[in-house]
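Residue numbers (the working numbering), protein chains in the order written: chain A, 30 to 142; chain B, 30 to 142.
For glycine and all other residues, C-beta sits at the position ideal for the given N, C-alpha and C.
Everything below concerns the one structure shown next.
Number of protein chains: 2
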Amino acid sequence: MVNIYDTANQLERELRETSQYNELKEAHAEVLADEDAASILNEFQSLQQALHQKQHSGEEITEEEAQEAQVLPIKMNANELTKKLMDKEQALNTLLTEVNSIIMKPVQEIYEQ
Amino acid sequence: MVNIYDTANQLERELRETSQYNELKEAHAEVLADEDAASILNEFQSLQQALHQKQHSGEEITEEEAQEAQVLPIKMNANELTKKLMDKEQALNTLLTEVNSIIMKPVQEIYEQ
Chain A
30 MVNIYDTANQ
40 LERELRETSQ
50 YNELKEAHAE
60 VLADEDAASI
70 LNEFQSLQQA
80 LHQKQHSGEE
90 ITEEEAQEAQ
100 VLPIKMNANE
110 LTKKLMDKEQ
120 ALNTLLTEVN
130 SIIMKPVQEI
140 YEQ
Chain B
30 MVNIYDTANQ
40 LERELRETSQ
50 YNELKEAHAE
60 VLADEDAASI
70 LNEFQSLQQA
80 LHQKQHSGEE
90 ITEEEAQEAQ
100 VLPIKMNANE
110 LTKKLMDKEQ
120 ALNTLLTEVN
130 SIIMKPVQEI
140 YEQ
């Protein structure tokens with residue numbers, strides 16, 4: 030019996046050693062240490078959570094939320110620290126997408142038949 | 030420099046050896062070998078693809094599609110082979126969700142601060 034969990038745990042440890050992970054961790058700490066950036070991130074995360082919940086429940090979003098959804102990404106981009114955080118998130122996402130597509134190859138093969 | 034891709038490839042090879050993977054592969058082959066089951070699966074996959082596309086484009090689903098979305102899961106459950114396929118998909122999904130939550134733990138930790 031293969032222990033796929035051991036390998037998943039190895040991958041987890043290796044992820045912690047990648048530059049992508051460590052740069053994201055650092056960028057996130059820098060945001061939290063800055064009052065303005067932390068406040069923008071907090072607003073952004075609250076909005077994302079609210080929109081997610083409404084998407085699941087089928088509830089309609091308010092006009093205020095729709096406006097925030099337009100303004101907050103602009104605020105995130107305008108602040109140096111939250112902008113850096115988003116860039117580092119994207120870099121880590123690229124790595125994770127590649128890792129995931131490797132792992133999922135066997136499953137994809139089944140459905141390609 | 031850690032080579033996380035080597036470990037992802039190892040995980041990919043190990044996934045192919047799990048009972049969950051091999052049982053799904055077998056169940057899928059059994060469906061394809063049976064005319065009725067293959068036809069139900071084909072209809073189901075076509076509908077899923079159509080609904081996915083419309084969800085992304087924001088296009089409204091037709092009344093026919095809404096009706097199919099109610100009927101096809103019932104058909105899938107009523108056919109022994111497609112039912113078995115769905116059960117095996119669910120078993121593999123449980124494994125993959127566990128593997129994914131292990132790998133994503135470091136990322137989750139960053140945002141929990």
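Uninterrupted alpha helix (DSSP H) stretches at least 4 residues long and entirely within the region 38-105 of chain A occur at 48-61 and 64-86, given in chain order. If you draw a straight line from the Cα of alanine 67 of chain A to the Cα of glutamate 88 of chain A, it is about 28 Å long.
Identification of chain A residues near valine 128 of chain B by a Cβ-Cβ cut-off of 9 Å yields Ile33, Tyr34, Thr36, Ala37, Leu40 and Ile132, ordered along the chain.
When Cβ-Cβ separations below 9 Å define contact, proline 102 of chain A makes no contact with chain B.
At a beta-carbon threshold of 9 Å, none of the residues of chain B lie near histidine 85 of chain A; the nearest stands roughly 14 Å away. Straight across, the Cα-Cα distance linking glutamine 39 of chain B with asparagine 32 of chain B is about 11 Å. In terms of Cβ geometry, leucine 44 of chain A and phenylalanine 73 of chain A do not form a close pair [threshold 9 Å].
The region 77-94 of chain B and the region 116-127 of chain A do not touch, with fewer than 3 CB-CB distances between them shorter than 8 Å.
With 16 or more other Cβ atoms from the protein chains shown falling within 10 Å of its own Cβ, tyrosine 50 of chain B counts as buried. The residue among B/Arg42, B/Asn106 and B/Glu52 with its C-alpha nearest the C-alpha of proline 135 of chain A is B/Arg42. The C-alpha of glutamate 97 of chain B is placed about 19 Å away from the C-alpha of glutamate 109 of chain B. Within the region 41-66 of chain B, those residues whose Cβ lies closer than 9 Å to any Cβ of chain A are, in chain order, Glu41, Arg42, Glu43, Leu44, Arg45, Glu46, Thr47, Ser48, Tyr50, Leu53, Lys54, His57, Ala58 and Leu61. Note that the C-beta distance between lysine 104 of chain A and alanine 56 of chain A is not below 9 Å.
Inter-residue distance for threonine 36 of chain B and glutamate 138 of chain A is about 20 Å (C-alpha atoms, whole angstroms). For leucine 80 of chain A, not one C-beta of chain B is nearer than 9 Å to its own C-beta. Below the 9 Å Cβ cutoff, chain B contributes Tyr50, Leu53, Lys54, His57 and Ala58 as neighbours of isoleucine 139 of chain A, in chain order. Taken through DSSP and simplified to helix, strand or coil, asparagine 32 of chain A comes out as coil. In this chain, the alpha helix (DSSP H) harbouring glutamine 119 of chain A covers 109-141.
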